[in-house]
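Visitor:
Number of protein chains: 2
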Amino acid sequence: MAQAASIQRLLSELERLPGIGPKSAQRIMYWLLNNEPVESQRLAEALVEVSETVRFCERCFNYAEDTLCPLCSAADRGHRNAVQICVVSEPRDIVAIERTNEFNGVYHVLGGAISPLDGIGPGDLHVRELLERLADNSMEEVVLATNPNVEGETTAVYLARLIKPLGIKCTRLASGLPVGGDLEFADEVTLGRAIESRVEL
Amino acid sequence: MAQAASIQRLLSELERLPGIGPKSAQRIMYWLLNNEPVESQRLAEALVEVSETVRFCERCFNYAEDTLCPLCSAADRGHRNAVQICVVSEPRDIVAIERTNEFNGVYHVLGGAISPLDGIGPGDLHVRELLERLADNSMEEVVLATNPNVEGETTAVYLARLIKPLGIKCTRLASGLPVGGDLEFADEVTLGRAIESRVEL
């Protein structure tokens with residue numbers, strides 16, 4: 049036992065974090081010990097604050113500090129185009145889409161994707177709540193922005209079948225070559241999609 | 049502002065840690081949000097505990113929770129060989145040496161190494177305290193275990209010049225090929241040292 053008990057405890061807590069091994073945990077701990085104690089305390093306060101205040105938005109299931117998330121509140125104040133709704137799997141997908149500045153509607157987080165192998169069916173996702181939001185017929189377009197993998201595609205197809213009969217336009221994110229990528233390194237499925245969905249200039 | 053303020057704050061606190069970039073910070077945060085709140089709180093408690101309880105050992109300057117570190121306390125209870133003292137730069141070096149199970153004496157942490165370029169001289173290190181510990185002539189051997197780089201070597205040579213006149217044996221960690229390494233990949237300085245210090249079988 050070359051180290052104090054509290055150091056051992058912090059080390060094992062740090063090692064539990066994803067992507068942090070014993071070496072990284074040690075590096076972070078020595079950094080904290082070499083800094084002012086206020087540094088560790090600020091991180092601790094931020095952790096406690098998140099664990100105490102963050103919950104799910106009652107409307108869209110994004111992370112929120114109040115009943116509604118910042119985006120739903122903005123929509124209620126008329127700052128967002130509330131007739132377009134973007135359906136995503138996880139709250140982190142909202143962050144990625146917001147970063148593009150290409151979408152100014154509202155969101156709905158499913159909390160996962162349909163995956164029979166993992167035993168996740170439509171009943172485990174926030175599908176019922178999505179349909180409730182679409183029920184008043186004020187929505188003009190549903191953008192199905194689930195991931196472009198098997199589970200995401202399955203979920204998008206499933207949702208499109210439910211939503212189209214309501215007379216609401218359903219769209220899906222385009223598949224194709226990533227911008228800045230090299231044609232020769234594109235996998236055949238992506239390249240095939242890019243050819244299939246080619247655009248007239 | 050797609051994210052709640054407390055999430056933004058935790059993200060920026062996590063990004064301050066060494067080796068944690070924006071992507072890792074986001075990964076850790078989503079992991080914490082997907083887990084029970086008690087998970088974040090346990091980490092927060094460990095951080096506060098370390099920042100409040102960890103200080104320097106009054107005798108050897110290792111990290112300690114009490115006046116003395118676990119190793120100095122063990123020495124006082126007679127569990128360690130208090131006539132051999134190992135001098136290291138940082139507390140983390142003690143952990144590395146303890147892991148080898150090859151040394152059972154006591155330690156002294158200098159808190160750095162002599163580095164004129166960085167403006168660190170002997171007066172900035174715990175050299176005076178080391179000499180005070182050697183003053184009663186009970187010590188039989190001083191192992192100078194500073195790093196095998198320019199600063200560490202300079203520090204070791206400087207200390208040896210001070211300690212040898214006291215009639216105490218001074219030793220230095222052996223330089224040579226790392227065990228499990230490949231001869232062809234060894235740098236010429238290391239290989240040169242290995243030849244110079246070759247051992248008779």
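If you read the sequences in order, they're chains A and B. Residues 49 to 249 (the numbering used here) are what the first sequence spells out, left to right. Residues 49 to 249 (the numbering used here) are what the second sequence spells out, left to right. Just so you know, even glycine gets a beta-carbon here, dropped at the ideal spot from N, CA and C. This structure is a prediction, so every number in the text was calculated from the model and none was measured.
Strictly below 7 angstroms CB to CB, what residues from chain A border S72 (chain B)?
Guide: In the second sequence, the residue the question calls residue 72 (chain B) occupies position 24. Residues of chain A passing the Cβ test: G67.
Visitor: Between Q51 (chain B) and chain A, is the shortest Cβ-Cβ distance under 8 angstroms, so that the two count as touching?
Guide: Residue mapping note: residue 51 (chain B) aligns to position 3 of the second sequence, counting from 1. With 8 angstroms as the cut-off, Q51 (chain B) counts as an interface residue toward chain A.
Visitor: Given R220 (chain A), which residues of its chain have a CB within under 7 angstroms of its CB, disregarding the five upstream and five downstream residues?
Guide: Translated into positions along the first sequence, residue 220 (chain A) becomes position 172. These residues qualify, in order along the chain: L192, A204.
Visitor: Once you ignore the five residues that flank A222 (chain A) on each side, which residues in its own chain have a CB closer than 8 angstroms to its CB?
Guide: Numbered from its first residue, the first sequence carries residue 222 (chain A) at position 174. Excluding residues within five positions, the ones whose Cβ falls inside 8 angstroms are S245.
Visitor: Quick one: Cα of P170 (chain A) to Cα of C218 (chain A), how far?
Guide: The count along the first sequence starts at 1 and reaches residue 170 (chain A) at position 122. The count along the first sequence starts at 1 and reaches residue 218 (chain A) at position 170. Spanning the two alpha carbons is a distance of roughly 18 angstroms.
Visitor: Looking at the strands, I want to know which residues DSSP matches up with F104 (chain A).
Guide: Taking the first residue of the first sequence as 1, we reach residue 104 (chain A) at position 56. BP columns for F104 (chain A) point to A:Y111.
Visitor: Can you give me the C-alpha to C-alpha distance between K71 (chain A) and Q51 (chain A), rounded to a whole angstrom?
Guide: What you label residue 71 (chain A) is simply residue 23 of the first sequence in a count that begins at 1. What you label residue 51 (chain A) is simply residue 3 of the first sequence in a count that begins at 1. When rounded, the distance between both Cα atoms is 15 angstroms.
Visitor: State the Cα-Cα distance for the pair P196 (chain B) and C117 (chain A), rounded to the nearest angstrom.
Guide: For this step, residue 196 (chain B) is matched to residue 148 along the second sequence. For this step, residue 117 (chain A) is matched to residue 69 along the first sequence. P196 (chain B) and C117 (chain A): Cα-Cα distance of roughly 55 angstroms.
Visitor: What whole-angstrom Cβ distance do V102 (chain A) and L81 (chain B) have, given they're in contact under 8 angstroms?
Guide: For the purposes of this step, residue 102 (chain A) is identified with residue 54 of the first sequence, where counting begins at 1. For the purposes of this step, residue 81 (chain B) is identified with residue 33 of the second sequence, where counting begins at 1. About 6 angstroms separates the two Cβ atoms, so the contact holds.
Visitor: Could you check the C-alpha separation between N152 (chain A) and I55 (chain B) for me, to the nearest Å?
Guide: Within the first sequence, the letter at position 104 stands for residue 152 (chain A). Within the second sequence, the letter at position 7 stands for residue 55 (chain B). One C-alpha to the other measures close to 21 angstroms.
Visitor: Quick check: what's the CA-CA separation for F104 (chain A) versus S121 (chain A)?
Guide: In the first sequence, residue 104 (chain A) corresponds to position 56, counting from 1. In the first sequence, residue 121 (chain A) corresponds to position 73, counting from 1. In a straight line, the C-alpha of F104 (chain A) is about 13 angstroms away from that of S121 (chain A).
Visitor: Which bits of chain A does E61 (chain B) rub up against, with CB to CB less than 7 angstroms?
Guide: In the second sequence, the residue the question calls residue 61 (chain B) occupies position 13. Per Cβ cutoff of 7 angstroms: R90, L91, A94.
Visitor: From the DSSP output, which residues share a beta bridge with E189 (chain A)?
Guide: As a first step, residue 189 (chain A) must be located in the first sequence, where it is residue number 141. E189 (chain A) pairs with A:Q132, A:K217.
Visitor: Using only CA atoms, which one of B:F233, B:Y206, B:D166 lies nearest to L179 (chain B)?
Guide: Here residue 179 (chain B) is taken as the residue at index 131 of the second sequence, counted from 1. Checked all of B:F233, B:Y206, B:D166; the closest Cα to L179 (chain B) is B:Y206.
Visitor: Tell me which residue opens and which closes the beta strand (DSSP E) that V198 (chain A) is part of.
Guide: Numbered from 1 along the first sequence, position 150 holds the residue referred to as residue 198 (chain A). Element bounds for V198 (chain A): not the beta strand (DSSP E) but the alpha helix (DSSP H), 198 to 211.
Visitor: List, in order along the chain, the chain B residues whose C-beta lies closer than 7 angstroms to that of V190 (chain A)?
Guide: In the first sequence, residue 190 (chain A) corresponds to position 142, counting from 1. What V190 (chain A) touches in chain B: nothing, since even the nearest Cβ is about 19 angstroms away.
Visitor: Just curious, the alpha helix (DSSP H) that V154 (chain A) is in, first and last residue?
Guide: Looking up residue 154 (chain A) in the first sequence gives position 106. It is not in any alpha helix (DSSP H) - V154 (chain A) instead sits in the beta strand (DSSP E) that spans 154 to 157.
Visitor: Under 8 angstroms, with one C-beta from each stretch per pair, do the region 90 to 101 of chain B and the region 104 to 113 of chain A reach the 3-pair mark?
Guide: Verdict: no, contact absent.
Visitor: Any residues in the region 161 to 174 of chain A with a beta carbon nearer than 7 angstroms to a beta carbon of chain B? Which ones, in chain order?
Guide: Under the 7 angstroms Cβ criterion, the region 161 to 174 of chain A contributes no residue.
Visitor: Look at the alpha carbon of I216 (chain A) and the alpha carbon of E189 (chain A), and state the distance between them as a whole number of angstroms.
Guide: Here residue 216 (chain A) refers to the residue found at position 168 when the first sequence is read from its first residue. Here residue 189 (chain A) refers to the residue found at position 141 when the first sequence is read from its first residue. Cα to Cα, the separation comes out at about 6 angstroms.
Visitor: For a cutoff of 8 angstroms on Cβ pairs, would you count V154 (chain A) as touching chain B?
Guide: Your numbering for residue 154 (chain A) matches position 106 in the first sequence. Not one chain B Cβ lies under 8 angstroms of V154 (chain A).
Visitor: Counting only Cβ pairs nearer than 8 angstroms, list the residues of chain A close to T101 (chain B).
Guide: Your numbering for residue 101 (chain B) matches position 53 in the second sequence. Neighbours of T101 (chain B) on chain A, chain order: A52, S54.
Visitor: Check S163 (chain A) in the structure and name its three-state DSSP category.
Guide: The residue given as residue 163 (chain A) occupies position 115 in the first sequence. Three-state DSSP puts S163 (chain A) in a strand.
Visitor: Could you check if A53 (chain B) is buried or exposed, using at least 16 other CB atoms within 10 Å of its CB as the buried criterion?
Guide: Residue mapping note: residue 53 (chain B) aligns to position 5 of the second sequence, counting from 1. Result: exposed.
Visitor: For P213 (chain A), tell me which candidate among A:L182, A:L225, A:P164 has the shortest Cα-Cα distance.
Guide: Mapped onto the first sequence, residue 213 (chain A) falls at position 165. The option with the nearest alpha carbon to P213 (chain A) is A:L182.
Visitor: Can you name the residues of chain A whose CB is closer than 8 angstroms to the CB of A183 (chain B)?
Guide: Within the second sequence, numbered from 1, the residue matching residue 183 (chain B) stands at position 135. What A183 (chain B) touches in chain A: nothing, since even the nearest Cβ is about 26 angstroms away.
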